[in-house]
Structure formats: C-alpha cells, structure tokens
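*Asks:*
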C-alpha cells in the first residue's frame, strides 16, 4: 500500500469518526430538549387539580369606616371574569369582574351597613368565596 | 457674543426680580406678615388634622351590656370573638340618637337600654371611647347559603351556609324576592314558587325584628336574592 493511500484511509477514518461523534452528540441534545419540553408541558396538567382561585381582597374601604355620604366606592381584587354579588342592607348588586381590580359604588343606609361580598369563580362548581365588612353612614350634625 | 449678551441680560433680570421681592418684603411690616402666615399655617394644620381624623374615624357597634351614670359597656364581635368596650358619655358633648327608617331623632341618654344595638363614634383612649355620637340602630344579618328545603305549605326555606350554620327563613308578603336572570344578567323580582332546593341564596334578616318565631336562627326574611343552580354549574 502506497503512503498516499494510507493517508487517505486514515483521513477517511478520522473524518468518519468525527462525523459520527457530531451526529451522536446532536441526537442526544435533541432527545434531552424533547424530554425537557414534555416535562414542562405535563407539569401544569398534573397541578391543575390544585389550582386555587384568587382570594378576595377588599382594597377599600377599611372595616368599620364612617362616612357622611349616602354612598361609597368599594374596590376589590378578584379573579378576572368571576361573578360577584355585593349585598348591602338596601340593595344586592351583581356583576362580572371585567378585570382583576373592580370598583363599585354602593348605596349606604343610615347607620350600619353590612357589605357582604360573594365571588363565584369563572370555572363553575368551585367554592364560592365570601368576605364581609361593616361601614357606617353617620351624617355630621 | 450673542450668547454672552443673553446671559448678561438674564442675570440682570434675575437680580432685578430678587431685589424687587426683597424690597417688597421690607416695605411690609414684618409683624403682620408673620401673624398672617402663622394664622394660615394653623388653619391648614387644623383642616388637615380634621381631614385625617375623619378619614381614620372608626365606629364601634354592639349591644349594650351595662349602663352606668357616665358610661355604658357594649359587647362587639371582632374576628368572631366577643369584645367589650367602655363608652364614656359626656352630658354636654355626646349626642344620642335613634335611627328610625331613613331618619335619626335625638333622644336622651336615659333612653338607652340594655340589649340596644348601638353605633358609637368617638376617640379611643386608653380607658375607653370618648363618645361623640351614639346611634341606636336595627341589627341586620347578611349571609349566603344553599337552599336545602322549600316548604310550599308553610312558606319557609331551610338554608345551610358555607360554615354549616342552618337558618330557617320565613317568606312574608313584605319579603323582597329577587332571582338572577342568566340571560338578561339582571336581578329580577321572583315568587316563592320558583325557589328550589340546590339554589344559592343571598339573604338579609333583621336580628332586632326577627319575626314571631322564637326558634333559634329562624327569621322573617327581609330580602333574598337567588342564584339558580344552573348558573352555578355553568
């Protein structure tokens, strides 16, 4: 075998091994990415049953606040698209939360006003959340 | 060169303005300026304090447990626990009212009785609350629950709340009955015949005027709002 032939065979083997090494490396990387992607995709499904609706937060007014006006604004933080019932001694107000923060004007009666808030999550069937505050309409004498 | 001229001109203007201001202050008697400023400052502080006092004003509501010469003790419910407050009454400063419907009428301190439900406004001090006003009011109860029984013969509803408390609501002619309409998305007047077991009910009752029954947790319903169960399982 001539010297040139030997060099050609050697180079062929070298590049062949290099090519094989690159192909194997790429295959393993792709496999790892696919597995990682699958794991990411399956994670929400596995925890979906534990999803808890956002708890009601009464931003304002504070409990036991005193007003000298016949109405007040109530600001709540709730789950978007949930159904809200606001009960007061004089009126029941129903509305759908168009955003996470909603502001609603409620009428006040003279004296104590119990404001009872119930939130029905958008995914029907889940537990209704309730919160209550007392505000007072006491006109200044 | 132009910019140098502008700078010089601006400096002259500023100097002239400051000199005028200083001369104006010197021309006015300093005593009257100080008095005026102090008066304005005092008024501003007083307004701010009043605003803050009103903004942070809290009321204390509860049933009268004890009446003494210059004070009463009320029992309030805070975080589901009963708490007593000593309310100090000043014969000249404290005003006592009775709320009847949409008006309040001034009454005497001697008209207060044990078990009256009162709302007190005033400043909380270490030893109690210095009352500005005391209002006798009707005590309401506002709750939500599920209808578990509908009595078509006796016109009552049995309701269980989310915290497993059971109520019997007598539906009277005076009871305002509403049902949420899923199509119109409005609360509409309804009748007793349309109420059914499984519906969710939001109700208001008066603890002061519970009705004829002496049964525990049985009240004449003041107002009800029913959310049909079809809406709940939507």
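Residue numbers (the numbering used here), protein chains in the order written: chain U, 1 to 141; chain H, 1001 to 1234.
Think of the CB as a built atom: it goes at the ideal place given N, C-alpha and C, for glycine as much as any other residue.
With a CB to CB cut of under 7 Å and the five nearest residues on each side skipped, what residues in its chain are close to residue 89 of chain U?
*Replies:* So the list reads 109, 113, 114, once near-sequence residues are dropped.
*Asks:* Which residues mark the beginning and the end of the beta strand (DSSP E) in which residue 1177 of chain H is found?
*Replies:* 1176-1181
*Asks:* Give the interface partners of residue 1172 of chain H over in chain U, defined as CB-CB distance under 7 Å, in chain order.
*Replies:* What residue 1172 of chain H touches in chain U: nothing, since even the nearest Cβ is about 17 Å away.
*Asks:* Taking residue 1085 of chain H as the query, report the chain U residues whose CB atoms sit under 7 Å from its CB, ordered along the chain.
*Replies:* Residues of chain U with a Cβ closer than 7 Å to the Cβ of residue 1085 of chain H do not exist, since the nearest Cβ in that chain sits about 12 Å away.
*Asks:* Between the alpha carbons of residue 97 of chain U and residue 56 of chain U, how many angstroms are there, rounded?
*Replies:* 12 Å
*Asks:* Can you grab the Cα-Cα spacing for the pair residue 131 of chain U / residue 1127 of chain H, in whole Å?
*Replies:* 31 Å
*Asks:* Can you give me the Cβ contacts of residue 189 of chain U inside the same chain, cut-off strictly under 7 Å, excluding the 5 residues immediately before and after it?
*Replies:* Residue 189 of chain U is absent from the model: chain U starts at 1 and stops at 141.
*Asks:* Measure from the C-beta of residue 84 of chain U to each C-beta in chain H and report whether the shortest distance is under 9 Å.
*Replies:* With 9 Å as the cut-off, residue 84 of chain U does not count as an interface residue toward chain H.
*Asks:* For residue 122 of chain U, which option in U:100, U:26, U:136 has the closest C-alpha, if you only look at C-alpha atoms?
*Replies:* When each option's Cα is compared against that of residue 122 of chain U, the closest is U:100.
*Asks:* Quick check on the burial criterion: 16 or more other C-beta atoms within 10 angstroms. Buried or exposed for residue 1137 of chain H?
*Replies:* buried
*Asks:* Have a look at residue 1115 of chain H and residue 1159 of chain H and give me their C-alpha separation to the nearest angstrom.
*Replies:* 27 Å
*Asks:* Residues of chain U with a CB under 7 Å from the CB of residue 1204 of chain H: which are they?
*Replies:* Those within 7 Å of residue 1204 of chain H in chain U are 87, 89.
*Asks:* With burial defined as no fewer than 16 other Cβ atoms inside 10 Å of the residue's Cβ, what is the status of residue 1209 of chain H: buried or exposed?
*Replies:* Counting Cβ neighbours within 10 Å, residue 1209 of chain H comes out exposed, since fewer than 16 surround it.
*Asks:* Give the secondary structure of residue 1184 of chain H by DSSP, where H, G and I count as helix, E and B as strand, and everything else as coil.
*Replies:* In the structure shown, residue 1184 of chain H sits in coil (DSSP, three-state: anything other than H, G, I, E or B).
*Asks:* Can you tell me whether DSSP reads residue 62 of chain U as helix, strand or coil?
*Replies:* Coil at residue 62 of chain U, not helix or strand.
*Asks:* Determine, for residue 1024 of chain H, whether the minimum Cβ-Cβ distance to residues of chain U falls below 9 Å.
*Replies:* In this predicted model, residue 1024 of chain H has a pLDDT of only 48, less than 50, meaning its place in the structure is not dependable; the value taken from the coordinates is given anyway. No, residue 1024 of chain H does not count as interfacial toward chain U.
*Asks:* Looking only at DSSP bridge pairs, what is residue 1101 of chain H linked to?
*Replies:* For residue 1101 of chain H, which the question treats as bridged, DSSP gives no partner whatsoever.
*Asks:* Helix, strand or coil: how does DSSP classify residue 1108 of chain H here?
*Replies:* coil
*Asks:* Cβ of residue 1104 of chain H less than 9 Å from any chain U Cβ?
*Replies:* yes
*Asks:* If I follow the unbroken alpha helix (DSSP H) through residue 1231 of chain H, where does it start and stop?
*Replies:* 1229-1232
*Asks:* Chain U partners of residue 1226 of chain H, CB-CB under 9 Å?
*Replies:* In chain order: nothing, as chain U lies at least about 10 Å away.
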